[in-house]
Structure formats: C-alpha cells, structure tokens
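Take the sequence shown: its letters are residues 399 to 664, numbered as in the numbering used here. The beta-carbon is built from N, C-alpha and C at its ideal position, and this holds for glycine as well. Keep in mind it's a predicted model, so treat the numbers as computed, not measured.
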Amino acid sequence: MTTSPVVASNKNFDKVGNPMEQTKPWTVKRISTQESLSRQIAQQLESLITQGRIEVGDKLPTESQLCDMFGVSRTAVREAIAHLKSMGLVETRRGIGTRVLRAAPERPFPVRQISATTVEDILHILELRMTLDSQAAALAASRRDPDDLAAIKAAHADFLAACDSGGQARHEDYAFHRAIVAATHNPFFVSLYDQLNEGTIPRNKLVAGELDAAAVTYYLERVAREHAEVLQAIVSANVDAARDAMYRHLKRAYENYATYQGRSDT
Numbered sequence: 399m400t401t402s403p404v405v406a407s408n409k410n411f412d413k414v415g416n417p418m419e420q421t422k423p424w425t426v427k428r429i430s431t432q433e434s435l436s437r438q439i440a441q442q443l444e445s446l447i448t449q450g451r452i453e454v455g456d457k458l459p460t461e462s463q464l465c466d467m468f469g470v471s472r473t474a475v476r477e478a479i480a481h482l483k484s485m486g487l488v489e490t491r492r493g494i495g496t497r498v499l500r501a502a503p504e505r506p507f508p509v510r511q512i513s514a515t516t517v518e519d520i521l522h523i524l525e526l527r528m529t530l531d532s533q534a535a536a537l538a539a540s541r542r543d544p545d546d547l548a549a550i551k552a553a554h555a556d557f558l559a560a561c562d563s564g565g566q567a568r569h570e571d572y573a574f575h576r577a578i579v580a581a582t583h584n585p586f587f588v589s590l591y592d593q594l595n596e597g598t599i600p601r602n603k604l605v606a607g608e609l610d611a612a613a614v615t616y617y618l619e620r621v622a623r624e625h626a627e628v629l630q631a632i633v634s635a636n637v638d639a640a641r642d643a644m645y646r647h648l649k650r651a652y653e654n655y656a657t658y659q660g661r662s663d664t
C-alpha cells in the first residue's frame, strides 16, 4: 500500500486552504476498498494524534484536503471526523475547522462499572494468558503451516465482520486466539485453552448494563488493530515480534481492568 506525505497540522494554511509553511511532515496510507473507509481514516488520524504527530490545539486539514490525502469522498471523511468527535479527540467549529482537543480518547474503555469479584476473575485469567498466549504466539510464528495461517486469517476476518455488524465479537475473539494456540502444534497448549474456552475473553464476564455502548466500537477497533499486529508477526515468522505483540495486547487489557479494582459497585 502506498503512502502520501502531508503536513502535520493545518494551523499554517491560509484562508483558502493553501499551505503557507510545512511543519513536521507525517504520512498517511492510501485507503483499502476492502474495509470501512471511514474507519481506516479515523484509525490513522487517531494514531497521529495519540502519537503527538498532530498536537493538541492543531487543526486538521480541511475536508477537501483529507479527501485528496486519502483518496476518498467527503462522506467517508465526515464519518471519520464524527467518530473522532465521539471519542472526544477533536471538535469542529463553523468558520474555524476541526481542532484537536486532547491526545487520548475521552472514553478509552467501554465499561461503566464492574463488580470486585468479576475484576479479580478477569485479572487472574489475563495474568495467565499473558504467559500462555504470548508463548503460543511465539511458537505459532515458528511452527505455523499454510493451513494454520489460513485459519488465523479467517478468524481475524470473522472478528472484523462481527465488529462491523455491531456485535461484541466475543466468540470471534476467542476463535482468533484459539487458532493461534492450535498453530503451536502442542496438544497440551490446545487442551488447556479448550478448558478455559470462551471464558478467556473478559467481555464474556460482563453484562450489558456494565458496558458503555458508545465506547465499545472504539474499544473493539483497538483490539482489531492489536490482533492485526499479532497476525502480521506470525505471517512473517517473527517469533520475538509475535510474542511481544501478544503480550502488549493482553497487558493493555490487564491494565485497563486493573483500574476498576477498589471501585464501588454502585
């Protein structure tokens, strides 16, 4: 996929949108027509914001400029900006444009409340999985065969499809990790994972009332990106990268749920 260089912010554009001074160049990837256009745009802009490439207070390029950068229609750009606004990252004002409000999403995790017992169970499982799944990913990267790769890719595609349909993708999340475990070709890894079954997915322990529906979409998109990093490392047969990507994925989940320890259930 090709990339297209653009300027890091729009604060130095004149009134008709022409660049006056180029500062801190950054790049964007051309959009794939096989995935949601607006989601791809939002993900790239979110990454640039959270990495500090587009700073708080900076203005985003105009709609027209974003259309040119990504090679998409105004509808896709507007949907992407709306998504960033729903996360609290940007605001749009008439006559001013879209400006970055903060460097991190306002609602980074989709859980309103969670019981102490549930938190403890989730953390125990994730503590185990940070070791089990990380080593499984490393072994999968060194041992996977064409059938394994096809199964892992199919599971990832199923996860994306479930997210796009508005579901929680609980089963598809488990299936992705289970396919990686199967690629170790170690029957004891598989047996242990089958005993844990879908209880390994923290969202399975939450009830609908505990979830913040408005934040779930963002959360699942982040999970999808982390899954993609693990998948790419396994496809590339990069053992260390696969282990590290899986560990980061589960460690991030662990740290998120750990923030609910000691909170009141009401």
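Hey, out of the options, whose CA is closest to residue i's CA?
i, options, result
"K457", "K427, E477, V488 and T448", "V488"
"V475", "S436, G565 and V454", "S436"
"T448", "M485, D546, S634 and E653", "M485"
"S635", "Y617, A656, I578 and R650", "Here residue 635 turns out to be Ala, not Ser, going by the sequence shown. For A635, the nearest C-alpha among the options comes from I578."
"T598", "I520, S563 and S471", "I520"
"A651", "A626, L482 and L618", "L618"
"V633", "S434, L648 and L537", "L537"
"A440", "G450, V426 and E453", "V426"
"T615", "R542, A559, E627 and V454", "A559"
"T496", "E518, G455 and H583", "G455"
"N584", "A626, H625, T473 and D531", "D531"
"A548", "A639, Y655 and A581", "A581"
"A501", "M528, R451, P544 and G493", "R451"
"V637", "F587, A539, T529 and D546", "A539"
"R527", "I429, H625 and H575", "H575"
"H625", "F586, F557, Y655 and K483", "F557"
"L498", "R542, L443, P544 and R541", "The question names Leu, but residue 498 is Val in the sequence shown. Minimum Cα distance to V498 is reached at L443."
Counting along the chain, where does the alpha helix (DSSP H) carrying residue i start and finish?
i, result
"R491", "R491 -> not in any alpha helix (DSSP H); beta strand (DSSP E) instead, spanning V488 to R491."
"R451", "Neither: R451 is in no alpha helix (DSSP H) and is coded neither H nor E."
"S589", "P585 to L594"
"A651", "V637 to A656"
"M485", "Here M485 belongs to no alpha helix (DSSP H), and DSSP marks it neither H nor E."
"L464", "E461 to F468"
Taking just the CA atoms, how far does residue j sit from residue i?
i, j, result
"Q420", "M467", "Because the pLDDT at Q420 is just 38, under 50, the model does not fix this residue reliably, and the value given afterwards should be weighed accordingly. Straight-line Cα distance between these residues: approximately 15 Å."
"Y658", "A534", "28 Å"
"N416", "R623", "Note on N416: pLDDT 43, under 50, position unreliable in the model; no value is reported."
"Q630", "Q463", "31 Å"
"T490", "Y645", "37 Å"
"A478", "S589", "42 Å"
"S445", "D592", "35 Å"
"H481", "Q566", "18 Å"
"I523", "T515", "13 Å"
"P459", "S471", "15 Å"
"A639", "G564", "30 Å"
"T400", "G469", "Note that T400 scores 44 on pLDDT, short of 50, meaning its location in the model is unreliable and no value can be drawn from it."
"F411", "E461", "A caution first: F411 carries a pLDDT of 42, below 50, which makes its placement in the model too unreliable to give a value."
"E653", "E525", "11 Å"
"E627", "F587", "22 Å"
"Q438", "R428", "9 Å"
"T529", "E453", "36 Å"
"V621", "C561", "10 Å"
"T665", "Y655", "Outside the displayed range of the chain (399 to 664) lies residue 665, so it cannot be described from this structure."
"D642", "R542", "17 Å"
"K649", "L594", "19 Å"
"I494", "T431", "31 Å"
"C465", "V517", "43 Å"
"K483", "R492", "15 Å"
"E596", "D545", "23 Å"
Going by the C-beta, is residue i closer than 7 Å to any heavy atom of the ligand PLP?
i, result
"H625", "In the structure shown, the ligand PLP is absent, as is every other ligand, since no ligand is present at all."
From what residue to what residue does the beta strand (DSSP E) around residue i run?
i, result
"V498", "G495 to V498"
Checklist entry - Which full runs of the alpha helix (DSSP H) of 4+ residues lie inside the stretch 544 to 579, going along the chain? => result 544 to 562
Item to check | Cβ contact (3+ pairs, closer than 8 Å) linking the stretch 548 to 559 and the stretch 570 to 579 | outcome: yes
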